[in-house]
Each structure stands twice: as C-alpha cells, then as structure tokens.
Amino acid sequence: MAFTDLIFLFVFLPLVWLLYTFGFKKVWGNPFLFLVSLIFCAWGSLYSLVVLLVVLAATYAAAKGLDAIEDEEERRKIVVYTSAFFLIVLLVYRYLPVWFSFLPFFSNGVPAPLRMPAGLSFYLFSCFSCVFDVWNHRAPAPKSFVDLGIFAGFFARLNMGPIAHYAHDYEQFAHHPQTTLKNSRGVELFLQGMFMKVIIADGIDGYIALLAGDASWLGAIMLSLMYLLRIYFDFAGYSRMARGLGSLFGFTIPANFNKPYSALSVQDFWRRWHISLTDWFRDYVYIPLGGNRVNKSRWMLNILIVWLLTGLWHGATLHFLVWGLLQAGFILMEKNVFGAKMSSWPRALRHVYVIVSQMIAWTIFTCPTLLSGLGLIGRWFGIGASGFASPASLFALTSGAVLWILAIIGCTNLPKVINGLLRRISGSSYAWVQAVGYALCFFIALSSLVSSSSLTFLYAVF
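Numbering (the numbering used here), first residue to last: 9 to 470.
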C-alpha cells in the first residue's frame, strides 16, 4: 500500500487516525499503532510481515540481552551474531538474486520466497541502530516488543524511511502526545509531500518516458536534468508525507531533506540529502573507523569505504557502486584539490558545480546499466548525439515549461519566501488563505490520481 493509493487516503489513514485519536490513544495507543502497522506491512505480502517480525524479534532479544549482561565480551558476541544475522538477511534478499541470477534456480525469475520484502533496507538499518546504541550505552533496551515495533516498524516510515536512529528517537516512541499544532503541521507536511510526488515527480516521469530513446543533445541534457529533479521530488515528497503522518500521531520525525540543490559543495549536498542515511553511515561506520581523527591516507580510505557501502546499500549492480565511488571522488577532490580555495569561488559557480556533479551522478544512478549512463553523459558532449534537438525534446521543453518552473522553484528557498510574503500581505486572513491553498493542492493532486494511476515511489525498491 502506497501513501498515494486512494484506499490509503480515504479508508486506511482516516479510519486509523479516528480510531487512535478517539478510541485507543489513552490505554492501547502503541499496541493499536503496531497492529495497524503490521496490517499495512502485510497488505502487499504476508511474507514481508513474517520477515519484519523475525527481524524485530532478533533485535528485541539482542537489545534485552545487552541490557541484562555486564560482561563486555559476551555483549560483543551478541552484537556480532545479531549483525551477522542482519547482514545474511540483507544478502539473501538484496544481493543473492542479482549476483547469482545466472544460476538455473533463477531461470524463471526470482522465486517468491526470495523477493525483497518492502522496506527491508530501511527497517534493518533502524534495528542495527537499536542494537548498536544499546551496546554503546547510548540508550536502554526497548521497554516492550511493541515499543520496538513502533520504533522500527511504524507504518509512516516502514517502506522508505526516514531511517530511525534509536538513541535520538526511542523516548518519543513510548510517549508521543497529539496536539492541535502537531495535527495541523502533519496535514501541511503530508499535502506538501503529496504535491511534490504526484504533480511534480510523476509529471516529470511522463517526460522521462518520452525522452528515454531520444538521441539528440537537447534530449540528453533534459533527460539528465529530469533524473536530477524526479528523484528529489519523489523521495523528498515521500519523506515529507512520512513526517506528516508521524506528526498526526504525535511523533516528530526529523527532516530527511534540506534543500540539497542549494548546497555549495558535494559534502554540503550530503548533509542535506537523505539525511537519515548519511547520519547512519556517519555514526555507525565512519566514526567507528576513525572518522577524520586519523592520518590523511586512512581518512581517505574511510571515505571510500563509507561511499562504497552507501552505493552497495542502494543496489547490487555495478552502476550503484560507481555512483558511490563517484560521490567519494567529489568529496576527496574538494578536500585535496580545491581545498580552501573553493570558499572563494562565486556562489553561482559553486551551485553550478554541485548541480553538474549530481547530474552526472544521478544519470549513472538512474540508468539501468553503467554503459547506458555513460552513453547518455557522452551525448552531453556530442558523442553519439543525432543532432542538436529533436521534435520530442522541443515538445518536452515547451509543453513542460510550467512543470520545470515549479520544480526549479521547489528546489530553492523561494516557496518559504513566498509563504512569508503571503503571511504579511494577508495578515489575520492568512489561515484562510493557507487553507484554501492546501485544499487546492490536494484537489489538483487527487484529480491526477483519479485520472491516472500514480507511479510507485522510486526508493520503494531499496
């Protein structure tokens, strides 16, 4: 079940919210939310539910064991065995079907028992976080299995995150009072994310389909730019919807994106993009490896390891690994080649550098193979291009003008500026202006959903 499914919007969400708010919240709030989260998980596949429960059970047993045992050697064994189990689960579902697809066993496709359960990479990393934080005495073990289930398996963040960090979040998952402010903020965030996904991301996807086979120079540039915009509005839209859903039930889910295309360096970009994943690798891989508190060669190795693993987290094929190493290369270049000189560059030049570097990276990331991605980038420079423009690329450029303007504005701080301006102009009527604006956004998105089936979220495959 996706957040943009009509059954979710008009049956599941309102029913769950009403039952929780006016019925179960005071006494059975968390058990109720855990139960509906299990139903949400099982909606697409009962097998996904079984895997989720097994992972949660292993996490709970490990966390309780770490809390009960004082001997550090025994505690370390628990962490090693649990981590090995998590990695085997990830290997079996995420990588085995790809790396061993040549075997006769996979001749008719991936067998049902080995198909990737929805959200596995996300809730596994949340469970890793729980085990590591309890081991390092950053937080106590979950008080109950239900509390752990709410932490790692809450339906708002189950399928595509943001990844939960146990030491930061565990307290509120046991106590998360609803307020009028949280409810209104939740509606705002959900509608913002819905507009980003349904209107902008899905709208861009239609033009991507149009230009997928275009060999012109303009078509290549536009296609790579569309990849850049589509992946942002799709995933940032989902993350904002997840934050909105969390707020409706009293949770505070941290922002997963912070205007990444406004960054002034690739390192800055990754402080703003998929923040929960970047923070996870920082806290549980980069810092334990020594971070930047080591000599230069070891620090460079740490960067390469983190980004190799980040690429591997996204996928098992070569183009994801190259994408990860490319991000590492940009960061190392900024430190070792550009250095302090980069801060003296004009801001516009730094923005252009970030956009171009990420156009290259997302082109390699999004194309089905490394060769097809390199071929598309080659056409930027005229290699293999059929000409300057084609009828399809000119049509996409002109007919999608409003969409491109909306997308570019949405990547900047301009919406916040416009909102502040409206607040000053409308004065005491601002609440009504805001309500009308959100209602209009909802009905535009809804009309799009009704007229054509919404596309799946890109990051659902991770």
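Beta carbons are placed, not taken as given, at the ideal position from N, Cα and C, and that holds for glycine.
Checklist entry - Enumerated in chain order, which unbroken segments of the alpha helix (DSSP H) with a length of 4 residues or greater are wholly contained in the region 343-376? => result Along the length of the region 343-376, whole alpha helix (DSSP H) runs at least 4 residues long occupy 355-374, reported in chain order.
Next on the checklist: With a threshold of 8 Å, are at least 3 pairs of Cβ atoms found where one atom belongs to the region 367-381 and the other to the region 231-244?
Outcome noted: Result yes; three or more Cβ-Cβ pairs closer than 8 Å.
Next on the checklist: Contact defined as beta carbons within less than 8 Å: I believe residue 326 pairs with residue 272. What is the distance between those atoms, to the nearest angstrom?
Outcome noted: About 30 Å separates the two Cβ atoms, so there is no contact after all.
Checklist entry - Would you say residue 98 and residue 53 are within 9 Å of each other, going by their C-beta atoms? => result No; because the gap between Cβ atoms is not below 9 Å, this pair is not in contact.
Next on the checklist: In the DSSP assignment, the alpha helix (DSSP H) including residue 180 goes from what residue to what residue?
Outcome noted: In this chain, the alpha helix (DSSP H) harbouring residue 180 covers 174-182.
Item to check | Segment limits, alpha helix (DSSP H) that includes residue 243 | outcome: For residue 243, the uninterrupted alpha helix (DSSP H) run begins and ends at 225-256, by DSSP.
Checklist entry - Tell me which same chain residues have a C-beta within less than 8 Å of the C-beta of residue 396, skipping the five on either side of it? => result Apart from sequence neighbours up to five positions away, the residues of its chain that approach residue 396 with a beta-carbon distance below 8 Å are 224, 225 and 226, ordered along the chain.
Next on the checklist: Just to check my reading of the structure: residue 158 and residue 140 have Cβ atoms closer than 8 Å, yes? What is that Cβ distance to the nearest angstrom?
Outcome noted: Wrong, their Cβ atoms sit about 19 Å apart, outside the cutoff.
Checklist entry - Taking the continuous alpha helix (DSSP H) assigned at residue 40, which residues delimit it? => result That run of the alpha helix (DSSP H) goes 33-50.
Next on the checklist: Along the chain, where does the alpha helix (DSSP H) containing residue 29 start, and where does it finish?
Outcome noted: For residue 29, there is no enclosing alpha helix (DSSP H), since its DSSP letter is neither H nor E.
Item to check | C-alpha distance - residue 291 paired with residue 417, whole-angstrom precision | outcome: In this model, residue 291 and residue 417 are separated by some 33 Å (Cα to Cα).
Item to check | residue 59 versus residue 131: straight-line alpha-carbon distance, rounded | outcome: Taking the straight line joining both Cα atoms gives about 11 Å.
Checklist entry - Which same chain residues, not among the five before or five after residue 165, have their C-beta less than 6 Å away from its C-beta? => result The answer, listed in chain order, is 250.
Next on the checklist: Once the 5 residues before and after residue 14 are set aside, which same chain residues still bring their CB inside 8 Å of it?
Outcome noted: Excluding sequence neighbours, residue 14 sits near 457 and 458.
Item to check | 8 Å contact criterion, which residue 280 and residue 266 should meet: CB distance rounded | outcome: Confirmed, Cβ separation roughly 4 Å.
Item to check | Three-state secondary structure (DSSP) of residue 160 | outcome: Three-state DSSP puts residue 160 in a helix.
Checklist entry - Could you give the residue range of the alpha helix (DSSP H) that holds residue 186? => result Annotation for residue 186: no alpha helix (DSSP H) segment contains it, and DSSP assigns it neither H nor E.
Item to check | From 33, 176 and 211, residue whose alpha carbon lies closest to that of residue 409 | outcome: Residue 211 is the option with its Cα nearest to residue 409.
Next on the checklist: Within 8 Å, do at least three Cβ pairs link the region 139-156 to the region 69-86?
Outcome noted: These segments touch.
Checklist entry - Would you report the Cα separation of residue 100 and residue 113, rounded to the nearest angstrom? => result About 14 Å.
Item to check | heavy atom of the ligand FAD below 8 Å from residue 428 C-beta | outcome: Inclusion of the ligand FAD in the displayed structure is not the case, the ligand content being empty and no account of it being possible.
Checklist entry - Any idea if residue 434 is buried or exposed, counting beta-carbon neighbours within 10 angstroms, 16 or more meaning buried? => result Residue 434 should be labelled exposed.
Next on the checklist: Between 221, 350, 258 and 269, which has its C-alpha nearest residue 244's C-alpha?
Outcome noted: Minimum Cα-Cα distance from residue 244 among the listed residues 221, 350, 258 and 269 corresponds to 269.
Item to check | Complete alpha helix (DSSP H) runs within the region 293-319 (minimum length 4 residues, chain order) | outcome: Qualifying alpha helix (DSSP H) stretches: none in this window.
Item to check | Residues of its chain near residue 126, where Cβ-Cβ distance is below 8 Å and the 5 sequence neighbours each way are ignored | outcome: Result list for residue 126: 49, 52, 53, 56, 166, 167 and 468, in chain order.
Checklist entry - What number of angstroms, rounded off, separates the C-alpha of residue 388 from the C-alpha of residue 338? => result Residue 388 and residue 338 have their C-alpha atoms roughly 20 Å apart.
Item to check | Span of the alpha helix (DSSP H), counted from its first residue to its last, around residue 138 | outcome: Annotation for residue 138: the continuous alpha helix (DSSP H) segment containing it runs 128-143.
Item to check | Neighbour-count burial assignment, residue 147, 16 or more Cβ in a 10 Å radius | outcome: By the neighbour-count criterion, in which 16 or more other beta carbons inside 10 Å mark a residue as buried, residue 147 falls on the buried side.
Checklist entry - If you run the structure through DSSP and keep just helix, strand and coil, what is residue 118? => result Here residue 118 sits in coil by DSSP.
Checklist entry - Going by beta carbon distance, what residues of the same chain come within less than 7 Å of residue 206, once the five residues before and after it are set aside? => result Closer than 7 Å at Cβ, skipping near neighbours: 12, 453, 456, 457 and 462.
Next on the checklist: For residue 55, report the span of its alpha helix (DSSP H) as first-last.
Outcome noted: Start and end: 54-76.
Item to check | Uninterrupted alpha helix (DSSP H) stretches inside the region 414-439 (no shorter than 4 residues) | outcome: Given a length threshold of 4 residues, each whole run of the alpha helix (DSSP H) inside the region 414-439 is given here in chain order: 422-434.
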